[in-house]
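Protein chains in written order, with the numbering used here: chain A, 8 to 76; chain B, 17 to 371. The beta-carbon is built from N, C-alpha and C at its ideal position, and this holds for glycine as well. Comments concern the structure below.
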Amino acid sequence: MPDVDVCGLVCPEPVLLVKRKIEDQGQGTITVLADSEAARENIKRLATGKGWTVKVEEQGEQWLLTLTK
Amino acid sequence: MLPFKGKGLVTLTGLTIGALAVILMAAGNPKNMGICIACFLRDIAGGLGLHSAAPVQYVRPEIIGIVLGAFVAALATKSFRTMGGSSALTRFALGFIGMIGFLVFLGCPMRMLIRMSAGDLNAWVALPGFAGGIALGIWFINRGFTLGRASRQSNAHGYVFPALMGILLVLLFVNFAHLQFSTEGPAAMRAPLPLALGAGLLVGVLAQRARFCLVGPIRDMIMFRDSYLLFGMAGLFVAALAGNLIISNFNVGFVGQPIAHADGLWNFLGLALAGLCFTLVAGCPLRQLVSAAEGNTDSAVTVLGALIGAAFAHNFGLAASPAGVPVNGQIAVVAGFAVALAIGLALSKVKVFAH
Chain A
8 MPDVDVCGLV CPEPVLLVKR KIEDQGQGTI TVLADSEAAR ENIKRLATGK
58 GWTVKVEEQG EQWLLTLTK
Chain B
17 MLPFKGKGLV TLTGLTIGAL AVILMAAGNP KNMGICIACF LRDIAGGLGL
67 HSAAPVQYVR PEIIGIVLGA FVAALATKSF RTMGGSSALT RFALGFIGMI
117 GFLVFLGCPM RMLIRMSAGD LNAWVALPGF AGGIALGIWF INRGFTLGRA
167 SRQSNAHGYV FPALMGILLV LLFVNFAHLQ FSTEGPAAMR APLPLALGAG
217 LLVGVLAQRA RFCLVGPIRD MIMFRDSYLL FGMAGLFVAA LAGNLIISNF
267 NVGFVGQPIA HADGLWNFLG LALAGLCFTL VAGCPLRQLV SAAEGNTDSA
317 VTVLGALIGA AFAHNFGLAA SPAGVPVNGQ IAVVAGFAVA LAIGLALSKV
367 KVFAH
């Protein structure tokens with residue numbers, strides 16, 4: 008199970024959910040499951056901007072993003 | 017597929033839309049409009065006979081082009097994905113109400129920028145209203161407002177909306193006798209069909225790839241200090257400003273601006289209402305068209321809500337004209353706020369009022 012599942016959500020909800028998770032957790036590893044290019048790119052931009060490294064893994068029609076800091 | 021990406025692509029998209037708007041103006045589209053999603057959906061509603069306001073009836077090829085361009089781009093990049101089932105009727109209502117706001121101001125955010133770039137100060141007054149409406153939408157989103165998750169559907173559902181646009185295009189090409197076309201007024205001002213369609217296709221492709229939106233820039237700056245989409249908005253303004261200066265269509269003032277009225281309060285409130293509604297449905301009218309073309313059937317329903325809202329705006333005498341905003345329109349904006357705020361409150365997880 009991913010830590011945050013943003014599948015089926017549209018802007019700005021995916022970024023908002025991930026932002027809250029990032030702020031709660033502060034550091035470590037967070038996995039995010041996304042199913043749209045917009046969510047994938049926006050989350051990547053948010054996390055990178057906050058100093059997290061982002062690994063993107065394609066899983067069929069979805070992407071698993073692994074955020075680490 | 018495209019040699020640009022990220023901020024470069026979204027800036028290029030904005031610059032292209034701004035330039036095309038001026039080219040379309042020079043080629044016959046209404047002044048200070050060029051491309052306006054709200055106005056053109058209103059024209060299509062009239063063209064289909066859904067309202068009978070004689071000056072604003074035409075099946076605008078730009079809209080068809082945007083949808084088909086975005087559809088092809090989504091298919092080509094394998095980003096077409098049919099999603100749906102997230103509060104369709106509520107989205108219809110928000111699209112409907114937001115459209116009334118746009119038609120009280122006389123334009124969507126794209127036309128707001130084009131009007132601003134031509135020196136129309138009324139649009140500069142409407143901009144803070146638009147931003148205020150977006151901020152109000154964010155207030156709800158921060159309190160857990162959601163229209164819920166969409167789920168993956170069979171792609172067949174996602175082809176319906178682009179197919180509807182394809183049918184409209186055929187009707188337009190064969191000059192179907194039951195389409196209503198204005199002989200005078202804004203909708204009688206038309207760029208040649210191939211140019212209008214081609215411009216729409218290009219906008220559709222670019223907007224799909226760049227995820228271009230005109231609610232997003234203000235929303236993302238407020239919520240996340242994220243300037244990505246702002247580059248697109250700035251590009252549109254800069255290109256339209258340069259174009260307007262080149263074709264000598266730059267006149268600073270409030271009075272006598274093309275297809276505009278100078279009632280500041282209602283310009284402000286109209287776009288505030290629209291900003292609120294289109295923040296709650298997650299994107300400006302252009303974004304809704306593109307998203308619908310990518311297979312999002314919820315966005316398609318939002319567009320239909322806007323289309324029917326435009327028809328009602330003219331059937332019930334709500335839409336503004338250069339003469340001003342009719343009383344019915346003023347009442348509709350106030351009622352629209354009441355409904356949109358009720359939707360926002362009802363769907364926020366954090367209850368603002370205790371039960």
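- In the three-state reduction of the DSSP assignment, ASP59 of chain B falls in the helix class, which pools H, G and I.
- Boundaries of the alpha helix (DSSP H) harbouring TRP282 of chain B: 280-296, taken from the DSSP string.
- Under the three-pair Cβ rule at 8 Å, the region 254-272 of chain B does not count as touching the region 52-72 of chain B.
- Residues of chain A whose Cβ lies closer than 8 Å to the Cβ of ARG97 of chain B are, in chain order, ASP42, SER43, GLU68.
- Listed along the chain, the chain A residues whose CB falls inside 7 Å of the CB of GLY232 of chain B are CYS18.
- Residues LEU40, ALA41, ASP42, GLN69 of the same chain have their beta carbon placed closer than 7 Å to that of CYS14 of chain A, with the five preceding and five following residues left out of the count.
- The three-state secondary structure of MET99 of chain B, taken from DSSP, is strand.
- About 5 Å separates the beta carbons of ASP59 of chain B and ALA203 of chain B, which is inside the 8 Å limit, making them a contact pair.
- Of all residues in the region 295-315 of chain B, only ALA298, GLY299 place a beta-carbon less than 7 Å from a beta-carbon of chain A.
- Secondary structure of LYS57 of chain A (DSSP, three-state): coil.
- Collapsing the DSSP output to three states places ASN312 of chain B in a strand.
- Comparing alpha-carbon positions, the option among B:ILE150, B:ALA86, B:GLY220, B:LEU64 lying closest to PHE353 of chain B turns out to be B:ILE150.
- Three or more Cβ pairs drawn from the region 326-343 of chain B and the region 113-121 of chain B lie within less than 8 Å of each other, which places the two stretches in contact.
- The residue among B:MET132, B:LEU257, B:GLY100, B:GLY145 with its C-alpha nearest the C-alpha of THR32 of chain B is B:LEU257.
- In the three-state DSSP reduction, ARG52 of chain A falls in the helix class (H, G or I).
- Our two residues, VAL176 of chain B and GLN169 of chain B, have alpha carbons roughly 12 Å apart in a direct line.
- DSSP places LEU23 of chain A outside any beta strand (DSSP E); the residue lies instead in the alpha helix (DSSP H), whose first and last residues are 20-32.
- According to DSSP, SER337 of chain B shares a beta bridge with B:GLY340.
- Non-local beta-carbon contacts of GLY299 of chain B in its own chain, meaning distances under 8 Å to residues more than five positions away in sequence, involve CYS229, VAL231, GLY232, SER307, SER315 in chain order.
- Residue pairing by DSSP places ILE37 of chain A opposite A:LEU74 in a beta bridge.
- Below the 9 Å Cβ cutoff, chain B contributes MET239, PHE240 as neighbours of LYS26 of chain A, in chain order.
- Taking 9 Å as the upper bound on Cβ-Cβ separation, chain A lies near residues SER102 of the region 102-128 of chain B.
- Below 8 Å, enough C-beta pairs join the region 119-129 of chain B and the region 280-291 of chain B to call them touching: three or more.
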